[in-house]
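Colleague: Residue numbers (my numbering), protein chains in the order written: chain F, 1 to 220; chain P, 1001 to 1165.
Positions of the beta carbon are idealized from the N, C-alpha and C atoms, including for glycine.
1. Which residues in chain F sit within 9 Å of residue 1126 (chain P), going by Cβ to Cβ distance?
2. For residue 165 (chain F), which three-state DSSP category applies?
3. Suppose contacts are defined by Cβ-Cβ distances below 8 Å. Is residue 1112 (chain P) in contact with residue 1157 (chain P) by that definition?
4. Pop quiz: residue 1054 (chain P) and residue 16 (chain F) are said to be a contact at Cβ under 8 Å. What is the actual Cβ separation, rounded to whole angstroms?
5. Enumerate in chain order the residues of its own chain whose CB-to-CB distance from residue 74 (chain F) is below 7 Å, with the five nearest sequence positions on each side excluded.
6. Indicate the three-state DSSP secondary structure (helix, strand or coil) for residue 184 (chain F) in the structure shown.
7. Measure the alpha-carbon distance for residue 171 (chain F) versus residue 210 (chain F) and round it to whole angstroms.
8. Between P:1165, P:1114, P:1132 and P:1143, which has its C-alpha nearest residue 1070 (chain P)'s C-alpha?
9. In terms of residue numbering, what span does the beta strand (DSSP E) encompassing residue 1005 (chain P) cover?
10. Name the chain P residues that come within less than 7 Å of residue 8 (chain F), Cβ to Cβ?
11. For residue 190 (chain F), which residues does DSSP report across the bridge?
12. If you count every other CB in all the chains shown that lies within 10 Å of the CB of residue 84 (chain F), and 16 or more means buried, which is it?
13. For the stretch 91 to 151 of chain F, which segments carrying the beta strand (DSSP E) assignment without a break, of at least 3 residues, lie completely within its bounds, in sequence order?
14. State the beta-bridge partners of residue 173 (chain F) as determined by DSSP.
15. Tell me residue 36 (chain F)'s beta-bridge partners as DSSP assigns them.
16. What does residue 1038 (chain P) reach in chain F if we use C-beta pairs closer than 7 Å?
17. Taking Cβ-Cβ distances shorter than 7 Å, what residues in chain P pair up with residue 55 (chain F)?
18. For residue 175 (chain F), I'd like the list of residues in its chain whose CB is within less than 7 Å of its CB, leaving aside the five on either flank, ordered along the chain.
19. When the distance is taken between beta carbons, is residue 201 (chain F) closer than 8 Å to residue 127 (chain F)?
20. Counting Cβ pairs, one atom from each stretch, are 3 or more of them under 8 Å apart for the stretch 1029 to 1049 of chain P and the stretch 16 to 30 of chain F?
As structure tokens, this is what we get:
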């Protein structure tokens, strides 16, 4: 638009609400009156009625109650023993990928939680927190970190090689920041870690403290 | 039409409006869609239900503002957005025909606190009145005035740097 509104413009949220028929009748009449006299706002209103195709949302979104909160405390020792057994049984499968050495997708960090959630997009479908990938699948990384300004960086480790597919960023931490997207290729397991820090995380260190990781396996 | 009953239906209903809003801030259709999709994945995970104001359009607008500002605060994202989308039409306020492009928003994001930035976006990108802004952000008109003063000072400083260079 090249010209401004001569009066008080109708805000974008109100224009959008009007386009959706959500404004109270009196407000809607006032907006219509303004639009009749204001070509600038009318053009914006026309824009608000345009159709936009949206990317799909994940099919399922189960509640995230940490599993350890759903178990009686007396089973703690048994759970720990079972976890240790699993780590031993599921240890490196010959690919050189040491799953047991990775932090989990949610770790305690500076009085809060650091977490990485992945959304996999494949052929128009989206899956939340997938465990498998096919060559070329696209993933969006959603990062949760304790409140405050922090640096976050995403590192993908595959075949012993580390890649940083998303630019490191200094962000105001909230729940599930959209850190960016990347693709996984090949047919070997990949770990996707988010590293957080007060300073820009060095890229020559392995993910450890201050990292949360998700492990993705190739589709069978 | 009634309000959205859950996050998925709110996505269907308000998603296009929010993509348009994010696109005005970022100048990038793909990033706008990613931002909005990420927001609703989060809302689905929290099992936000109808009646919660988090699913009302003004509050969703606010959430999108903050996610876009987070993206713009990173210099590499900013550079990528500028290189990929500079030719696209930047957001232009109808209030005083002020152009708030990706570059300007990003430079302001480096200088201003989060609340002042939110206020600036409400006023100059979303074209909200001071009263609407105060209601949405739950701050007084006086606070709006003070923060707007900071934002204008930052804008003037940026303009001064451009003149000097």
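Modeller: Taking the structure as given:
1. If you number the second chain from 1, residue 1126 (chain P) lands on position 126. Per Cβ cutoff of 9 Å: 11, 12 and 13.
2. Position 165 of the first chain holds residue 165 (chain F). If DSSP states are grouped into helix, strand and coil, residue 165 (chain F) belongs with coil.
3. Position 112 of the second chain holds residue 1112 (chain P). Position 157 of the second chain holds residue 1157 (chain P). Residue 1112 (chain P) is not a Cβ neighbour of residue 1157 (chain P), given a cutoff of 8 Å.
4. For the purposes of this step, residue 1054 (chain P) is identified with residue 54 of the second chain, where counting begins at 1. For the purposes of this step, residue 16 (chain F) is identified with residue 16 of the first chain, where counting begins at 1. 17 Å between Cβ atoms; not a contact.
5. In the first chain, counting from the first residue as 1, residue 74 (chain F) sits at position 74. Its pLDDT being 45, under 50, residue 74 (chain F) is placed unreliably in this model, and the coordinates cannot settle the point.
6. Taking the first residue of the first chain as position 1, residue 184 (chain F) is located at position 184. Residue state, collapsed to three classes: strand.
7. Along the first chain, one-based indexing puts residue 171 (chain F) at 171. Along the first chain, one-based indexing puts residue 210 (chain F) at 210. If you draw a straight line from the Cα of residue 171 (chain F) to the Cα of residue 210 (chain F), it is about 15 Å long.
8. Counted from its first residue, the second chain places residue 1070 (chain P) at position 70. If we check each option's Cα against that of residue 1070 (chain P), P:1114 comes out closest.
9. Position 5 of the second chain, counting from 1, holds the residue named residue 1005 (chain P). DSSP places residue 1005 (chain P) in no beta strand (DSSP E); its state is neither H nor E.
10. Taking the first chain and counting its residues from 1, one reaches residue 8 (chain F) at position 8. Ordered by position in chain P, the residues that pass the 7 Å Cβ test against residue 8 (chain F) are 1129.
11. Looking up residue 190 (chain F) in the first chain gives position 190. Partner(s): F:158 and F:216.
12. Residue 84 (chain F) sits at position 84 when you count from the first residue of the first chain. Only weak support exists for where residue 84 (chain F) lies, its pLDDT of 48 falling under 50; the coordinates are left without a value.
13. Qualifying beta strand (DSSP E) stretches, in chain order: 106 to 109, 112 to 122, 125 to 128 and 137 to 144.
14. For the purposes of this step, residue 173 (chain F) is taken as residue 173 along the first chain, with counting starting at 1. Answer by DSSP bridge pairing, in chain order: F:148.
15. For the purposes of this step, residue 36 (chain F) is identified with residue 36 of the first chain, where counting begins at 1. Its beta-bridge partners do not exist; DSSP assigns none.
16. On the second chain, position 38 is the one that residue 1038 (chain P) refers to. For residue 1038 (chain P), the chain F residues whose C-beta falls within less than 7 Å of its own C-beta are 140, 142, 176 and 178, listed in chain order.
17. Position 55 of the first chain holds residue 55 (chain F). Those within 7 Å of residue 55 (chain F) in chain P are 1033 and 1037.
18. Looking up residue 175 (chain F) in the first chain gives position 175. Here the set comprises 144.
19. Here residue 127 (chain F) corresponds to residue number 127 of the first chain, with the count starting at 1. Here residue 201 (chain F) corresponds to residue number 201 of the first chain, with the count starting at 1. The answer is no: Cβ separation not under 8 Å.
20. No: fewer than three Cβ pairs fall under 8 Å.
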